[in-house]
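A.B. asks:
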Amino acid sequence: MENEEPKNDEITFENRIPLDELKQAVESLKVQLSGIIIGQEKFIELLIVGLLADGHVLIEGVPGVAKTITAKLFAKTLKTGFSRIQFTPDLMPSDVLGTSVLNSRTSDFEFKPGPVFSNIVLIDEINRAPAKTQAALFEVMEERQITIDGTRHSMPPPFMVIATQNPIEQEGTYALPEAQLDRFLFKIKVDYPSMEEEVEILQSHHERQGVAPQDTIEAVLDPEKLRLLREQIQGIRIEKKLLGYIAEVIGKTRNHPHLYLGASPRASIAVMNASKAVAAVDGRDFVIPEDIKKVLEPVLGHRIILSPEREMEGSTTAGVIDMITHSVEIPR
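Per our numbering, residue 86 is the first one in the sequence shown, and the count goes up by one each step.
(1) From Ile318 to Leu114, what distance separates their C-alpha atoms?
(2) For Asp337, which residues of its own chain have a beta-carbon under 6 Å away from its beta-carbon, when the five flanking residues on both sides are left out?
(3) Thinking just about the alpha-carbon of each residue, which of Glu414, Arg369, His387 is nearest to the one in Pro103?
(4) Quick check on Phe271: does DSSP put it in helix, strand or coil?
(5) Compute the distance between the beta-carbons of Lys274 and Glu130, then report whether it is under 7 Å.
(6) Is it buried or exposed, Thr401, if we count other Cβ atoms within 10 angstroms and call 16 or more buried?
(7) Distance check for Gly320 and Met86, CA to CA, integer angstroms please.
(8) Using 10 angstroms around the beta-carbon of Val74, count the other beta-carbons present and answer buried if the total reaches 16, otherwise exposed.
(9) Identify the residues that DSSP records as bridge partners of Arg169: which are they?
(10) Runs of 3 residues minimum, wholly inside the region 170 to 252: which ones carry the beta strand (DSSP E) assignment?
(11) So, at 6 Å on beta carbons, what are the nonlocal neighbours of Val150 in its own chain, with the 5 sequence-adjacent residues on each side left out?
(12) Could you check where the beta strand (DSSP E) with Ile133 kicks off and where it finishes?
(13) Comparing alpha-carbon positions, which option in Ser349, Asp105, Glu126 lies nearest Ser279?
(14) In the structure shown, what three-state DSSP assignment does Arg312 receive?
(15) Quick check on the DSSP output: the alpha helix (DSSP H) that includes Glu145 runs from which residue to which?
What follows is the structure in structure tokens.
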């Protein structure tokens, strides 16, 4: 019949923003990393989303679960600068940021940049350094610049901090200040692999015959291409009712009886930016509620603090986030 409506499988939509190149880049990144990093698909995807959303990432896990090697291999898939800083209790801010030194020829002070002046900066065991050194990262993580002796020095784009920490070993560590935690887009918790995945890890190591993992990785993204992809993500559509959904979820963390500290407005912006990146990775130029729900736990887990009573009872931040999510009606 002439007025017969199309069947569901005949309904298609065309993206307003061409995302084919972005999807291809993401798939290339996943292929490069999944060949070495076994069974950490969610970890890898969140790293990619963090990169596309122009955010920093904190990785938490026990020793030996490939936190550092994944971050190093991830950096090698990008044609950018990379530096690694091992945080220790005696590390000083100047060891990270750089310092001014006297040039004997000109009798002037010259700034010698520290290892933080790179594109992808891996900070290993970030909770090993004292508060003074951790505070040195505040400005550079938020504003992509540092100020030394009254002079501003900007970071070369792109700039991303990937930090690792061990949740078990507490001796000789310093808890990260809330202000610093709030500057990380995601906190990713890395667990042990399953038995099947561990067999695959052993098989992969055996087949490489001693070849270093980094020697098998090829760069697939350069700074200019990454800049263009990030611009595309900024153009991803998100309806006002979804912005209201984000605001309501974040607002409930601030007066929830199980929480001592709720999330800041920076968390709302982080959820929005991350959900836009998730939508783009899935090939859509618009955000759906599932994109937002997907990023709530990694965005909020390190930004909220349980009340002492609930912590003693064994409650978790993930459980409270899930409780809040179920209490807020999903807009459709």
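We put the beta carbon where it would ideally sit given N, CA and C, even for glycine.
C.D. replies: According to the structure data:
(1) 17 Å
(2) In the sequence as presented, Asp is not what sits at residue 337; that position holds Lys. If we look at Lys337 and ignore the five residues flanking it on each side, its Cβ neighbours are Ile409.
(3) Arg369
(4) strand
(5) no
(6) exposed
(7) In this predicted model, Met86 has a pLDDT of only 46, less than 50, meaning its place in the structure is not dependable enough to derive any value.
(8) The structure shown does not extend to residue 74, since the chain spans only 86 to 417, so no value can be given for it.
(9) Leu207
(10) 183 to 188, 193 to 198, 205 to 209, 230 to 233, 236 to 239, 245 to 250
(11) Val275
(12) It is not in any beta strand (DSSP E) - Ile133 instead sits in the alpha helix (DSSP H) that spans 126 to 137.
(13) Glu126
(14) helix
(15) Not the alpha helix (DSSP H): Glu145 falls in the beta strand (DSSP E), residues 142 to 145.
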